[in-house]
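The structure appears right after this line, and notes come after that.
2 protein chains.
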Amino acid sequence: MELWYTEKQTNNLGMTCLVQETLCNFKTEFQQLAVLETAQFGKMLVLDGTVQTTERDEFVYHEMIAHIAMQAHPNPKKVLVVGGGDGGTIREVLKYAAVESATLVEIDEAVIEASKKFLPKISCALSDPRVNVLVADGIGHVKLSPGKYDVILVDSTDPVGPAIGLFAEEFYADIFKALKKDGMLVAQTESPFFNCELIENVYARIGRIFPLTKLYLASIPTYPSGLWSFTVGSKCYEPENCRQEPVNTKYYNFAVHRGAFCLPNFVKELVGEKGK
Amino acid sequence: MELWYTEKQTNNLGMTCLVQETLCNFKTEFQQLAVLETAQFGKMLVLDGTVQTTERDEFVYHEMIAHIAMQAHPNPKKVLVVGGGDGGTIREVLKYAAVESATLVEIDEAVIEASKKFLPKISCALSDPRVNVLVADGIGHVKLSPGKYDVILVDSTDPVGPAIGLFAEEFYADIFKALKKDGMLVAQTESPFFNCELIENVYARIGRIFPLTKLYLASIPTYPSGLWSFTVGSKCYEPENCRQEPVNTKYYNFAVHRGAFCLPNFVKELVGEKGK
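From first to last, the protein sequence lines are chains A and B.
1 is the number of the first residue of the first sequence in the working numbering; add one for each residue after it.
1001 is the number of the first residue of the second sequence in the working numbering; add one for each residue after it.
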């Protein structure tokens, strides 16, 4: 018997993966959580039927949500990751010697526990002494942390269910306050092929709050369309700058940093830049 | 009833699309040819069960196989497209006023006819007076055309069945001879996530024949992994150069041209460049 897991990425499109073993599949307080052993991508974390991360391609997402801001900011001492309970983003953040503390605020403890159990290469950094893991609502944490962080990374699920508030203008305004006067925000903002309206809206929201707003892209095979966007809000530092040699990365390098901001015309149109 | 078309992109991974109508599905002299009306991607051309092009995302592939060489070459008068019976690559080539003649050599006349009938926005340029359509084996044509072309674009299917010879070193050597003394080759060379060995081999083959060899990337949702590679062989011109304003493109622009050569570390390793 062959078992195939199919994610309906849109109403009209699916990705289907051969499953060798279902390692866990249960309802948490917030969502349905499964870890599958797949032939193509190794272990795969699935929340509410949507692939979050896999052993084979997680490096792209985690490097690209973390390194752009960690490079562009000259001294990122205090870093907050909202969501990201698998720990992959924290792992990348900790590659910088400047980091004094990295705080993870994940609403669903079961995600953290499942990642520790089944995805040790992704969650490995969660036990680092510089890491502070909080099981809490990221929105509330950000509201109560004025002027505290150098870099905030919003490593959320899709904008449905528990993550809707993580794409709201009020949340970005609270992040602005939670950042120091030279702080930077990066948020994952879905696919430019399939989520045009979301990208337009988030870009406009962040643009109304931060002096500098930029979109950049990375190629992630297990996410819908394979092309993914991230939106940066910066109080002063130019997000395209890189400062330190990258350490032990499989996707990120200085050329990739610059190239990620080279937007195709149809993506430029989403964020209101003229073609060319 | 819902009809879903599933392409097994690898033995362990599939893409599945909701089909509204099967416009045609028949065996040609060389392969199984279908045109499907899909909800996600519009009309979709499928050869031997593999998506070749769709109305919604064809612009990425056709722009990116054509514009890099057409920009890097200062005067591309005579252009050859091997394969590419849908006409999309020829359409992009004809955006350059320098072009005096664009020759299409497609082995399967049924692909040309189906594209003319069902995909007029892709095949529209095939009736341009500068275009010369040959129904023939590209390998034979290239062998018999010494010193004839400025740019040759190998717009092939995957390296199975009729297209195997289009990835062979002998073919690239014949292309070198078919190019003028300052000519350029671009070949589509599959996914860096799933076709590592092919990319390594083709890069090495082209590198043994051409003085300048480079790999570049583009994001194509309907191709496996969503990330696609192209390999350039150039006799003298630097492939990263751009010379003319791009015309009427949805993906390509000068920044994208430069960004396409910014390779992630795991891709650099495939082509033997040191990380960074």
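Backbone N, C-alpha and C fix where the C-beta goes; we use that ideal spot for every residue, glycine too.
Using a Cβ cut-off of 9 angstroms, pull out every chain B residue sitting near residue 277/A, in sequence order please.
The requested residue 277/A is not part of the displayed model; chain A covers only 1 to 276.
Distance check for residue 228/A and residue 1222/B, CA to CA, integer angstroms please.
Translated into positions along the second sequence, residue 1222/B becomes position 222. Translated into positions along the first sequence, residue 228/A becomes position 228. A straight-line Cα-Cα distance of about 15 angstroms links residue 1222/B and residue 228/A.
Three-state class that DSSP yields for residue 119/A in the structure shown
Position 119 of the first sequence holds residue 119/A. Three-state DSSP puts residue 119/A in coil, outside helix and strand.
Residue range of the beta strand (DSSP E) that residue 26/A falls in?
Reading the first sequence from its first residue, position 26 is the one you call residue 26/A. Under the DSSP assignment, residue 26/A falls in the beta strand (DSSP E) whose first and last residues are 13 to 27.
Which complete beta strand (DSSP E) runs does the stretch 166 to 205 of chain A hold, if anything under 3 residues is left out?
Whole beta strand (DSSP E) segments, 3+ residues: 179 to 188.
Mind checking whether residue 1087/B and residue 1107/B have CB atoms under 9 angstroms apart?
Residue numbering aside, residue 1087/B sits at position 87 when the second sequence is read from its first letter. Residue numbering aside, residue 1107/B sits at position 107 when the second sequence is read from its first letter. No.
In terms of residues, what are the limits of the alpha helix (DSSP H) holding residue 1061/B?
Sequence index remark: in the second sequence, residue 1061/B carries index 61 (1-based). Counted as a single uninterrupted DSSP element, the alpha helix (DSSP H) harbouring residue 1061/B occupies residues 1058 to 1072.
Taking Cβ to Cβ, would you say residue 1126/B is nearer than 9 angstroms to residue 1152/B?
Indexing the second sequence from 1 puts residue 1126/B at position 126. Indexing the second sequence from 1 puts residue 1152/B at position 152. Going by C-beta atoms, residue 1126/B is not nearer than 9 angstroms to residue 1152/B.
Quick check: the Cα distance between residue 105/A and residue 49/A, rounded to an integer number of angstroms?
The count along the first sequence starts at 1 and reaches residue 105/A at position 105. The count along the first sequence starts at 1 and reaches residue 49/A at position 49. Their Cα atoms are separated by approximately 22 angstroms.
Leaving out five residues before and five after residue 1276/B in sequence, what residues of the same chain have Cβ atoms less than 7 angstroms from its Cβ?
Here residue 1276/B refers to the residue found at position 276 when the second sequence is read from its first residue. Low local confidence applies: a pLDDT of 36 at residue 1276/B is under 50, so the model's placement there is unreliable, with the coordinate-based value given in what follows. Here residue 1276/B has no same chain residue with a Cβ atom under 7 angstroms from its own Cβ, once five neighbours each way along the sequence are excluded.
Using DSSP bridges, identify the partner residues of residue 82/A.
Position 82 of the first sequence holds residue 82/A. Per DSSP, the beta-bridge partners of residue 82/A are 105/A, 154/A.
Partners in chain B for residue 219/A, counting only beta-carbon separations shorter than 7 angstroms:
On the first sequence, position 219 is the one that residue 219/A refers to. Contact note: residue 219/A reaches chain B through 1219, 1226, 1227, using a C-beta cutoff of 7 angstroms and chain order.
Beta carbon of residue 1164/B, beta carbon of residue 1233/B: below 9 angstroms?
Position 164 of the second sequence holds residue 1164/B. Position 233 of the second sequence holds residue 1233/B. Not a contact, by the Cβ cut-off of 9 angstroms.
My output table needs one value for residue 1276/B: the three-state DSSP class, helix, strand or coil.
Residue mapping note: residue 1276/B aligns to position 276 of the second sequence, counting from 1. The predicted position of residue 1276/B is uncertain, since its pLDDT is 36 and thus under 50; a value taken from the coordinates is nonetheless stated next. DSSP places residue 1276/B in coil when its eight states are reduced to three.
Rounded distance between the beta-carbons of residue 102/A and residue 146/A, thought under 8 angstroms:
Taking the first residue of the first sequence as 1, we reach residue 146/A at position 146. Taking the first residue of the first sequence as 1, we reach residue 102/A at position 102. With 8 angstroms as the limit, residue 146/A and residue 102/A do not qualify as a contact, their Cβ atoms being about 19 angstroms apart.
Given 8 angstroms, three or more beta-carbon pairs between the stretch 1031 to 1050 of chain B and the stretch 1113 to 1123 of chain B:
Flag = yes, the stretch 1031 to 1050 of chain B and the stretch 1113 to 1123 of chain B touch.
Compare the C-beta of residue 1259/B against all C-beta atoms of chain A and say whether one is closer than 9 angstroms.
Sequence index remark: in the second sequence, residue 1259/B carries index 259 (1-based). Taking Cβ atoms only, chain A reaches closer than 9 angstroms to residue 1259/B, which makes this a yes.
Just the chain A side, please: which residues come within less than 8 angstroms of residue 1012/B by C-beta, in chain order?
The residue labelled residue 1012/B in the question sits at position 12 within the second sequence. Contact annotation for residue 1012/B against chain A: 17, 18, 38, 39, 40 [CB-CB distance below 8 angstroms, chain order].
Under 7 angstroms between beta-carbons, which chain A residues line up against residue 1256/B? List them in chain order, please.
Counting from 1 along the second sequence, the entry for residue 1256/B is found at position 256. What residue 1256/B touches in chain A, judged by beta-carbon distance under 7 angstroms, is 262, 264, going in chain order.
Taking only three categories from DSSP, how would you classify residue 34/A?
Along the first sequence, one-based indexing puts residue 34/A at 34. Note: residue 34/A maps to strand in three-state DSSP.
Please list the partners that residue 1089/B has in chain A, where partner means a Cβ-to-Cβ separation under 8 angstroms.
The residue labelled residue 1089/B in the question sits at position 89 within the second sequence. None at all; the shortest Cβ gap to chain A is about 18 angstroms.
Near-chain A residues of the stretch 1167 to 1196 of chain B - C-beta to any C-beta below 7 angstroms:
So the list reads 1193, given in the order they occur along the chain.
Could you please tell me which residues of the stretch 49 to 62 of chain A, in chain order, have their CB closer than 9 angstroms to any CB of chain B?
Under the 9 angstroms Cβ criterion, the stretch 49 to 62 of chain A contributes 56, 57, 59, 60.
Does the stretch 61 to 68 of chain A come close enough to the stretch 247 to 254 of chain A to have 3 or more Cβ pairs within less than 8 angstroms?
Flag = yes, the stretch 61 to 68 of chain A and the stretch 247 to 254 of chain A touch.
Buried or exposed (CB count within 10 angstroms, at least 16 for buried), residue 1097/B
Counting from 1 along the second sequence, the entry for residue 1097/B is found at position 97. It counts as exposed.
Own chain residues within Cβ distance below 8 angstroms of residue 122/A, not counting five before or after:
For the purposes of this step, residue 122/A is identified with residue 122 of the first sequence, where counting begins at 1. Close CB contacts of residue 122/A within its chain, under the 8 angstroms cut and outside five residues either way in sequence, are with 53, 55, 58, 62, 86, 87, 88, 91, 115 (chain order).
Going by C-alpha distance, which of 1260/B, 1013/B, 1230/B, 1247/B is nearest residue 1240/B?
What you label residue 1240/B is simply residue 240 of the second sequence in a count that begins at 1. Looking at the Cα atoms, 1260/B is the closest of the given residues.
Cβ atoms of residue 1270/B and residue 1196/B: under 9 angstroms apart, would you say?
In the second sequence, residue 1196/B corresponds to position 196, counting from 1. In the second sequence, residue 1270/B corresponds to position 270, counting from 1. Yes.
Please go through the same chain and pick out, in chain order, the residues whose beta-carbon is closer than 8 angstroms to the beta-carbon of residue 1158/B, but skip the five residues on each side of it.
Within the second sequence, residue 1158/B is the residue found at index 158, counting from 1. In the same chain as residue 1158/B, and ignoring 5 residues on each side of it, the C-beta atoms closer than 8 angstroms to its own belong to 1050, 1190, in chain order.
To be precise: take each residue of the stretch 1073 to 1107 of chain B, compare its Cβ to all Cβ atoms of chain A, and keep it if any distance is under 7 angstroms. Which residues remain?
Hits within the stretch: zero.
Taking residue 1215/B as the reference, give the member of 1200/B, 1007/B, 1225/B, 1224/B with the closest Cα.
What you label residue 1215/B is simply residue 215 of the second sequence in a count that begins at 1. With respect to the C-alpha of residue 1215/B, the residue from 1200/B, 1007/B, 1225/B, 1224/B having the closest C-alpha is 1200/B.
Proximity test, Cβ basis, 9 angstroms: residue 1157/B and chain A
The count along the second sequence starts at 1 and reaches residue 1157/B at position 157. Cβ-Cβ to chain A under 9 angstroms: no for residue 1157/B.
Whole-angstrom Cβ separation of residue 167/A and residue 202/A, contact assumed at under 8 angstroms?
Sequence index remark: in the first sequence, residue 167/A carries index 167 (1-based). Sequence index remark: in the first sequence, residue 202/A carries index 202 (1-based). With a Cβ gap of about 6 angstroms, residue 167/A and residue 202/A count as contacting.
Quick one: is residue 213/A near chain B, going by C-beta distance under 9 angstroms?
Sequence index remark: in the first sequence, residue 213/A carries index 213 (1-based). For residue 213/A, the answer is no, since every Cβ of chain B falls outside 9 angstroms of its Cβ.
Please report how far the alpha carbon of residue 1042/B lies from the alpha carbon of residue 28/A, in whole angstroms.
Position 42 of the second sequence, counting from 1, holds the residue named residue 1042/B. Position 28 of the first sequence, counting from 1, holds the residue named residue 28/A. Straight-line Cα distance between these residues: approximately 38 angstroms.
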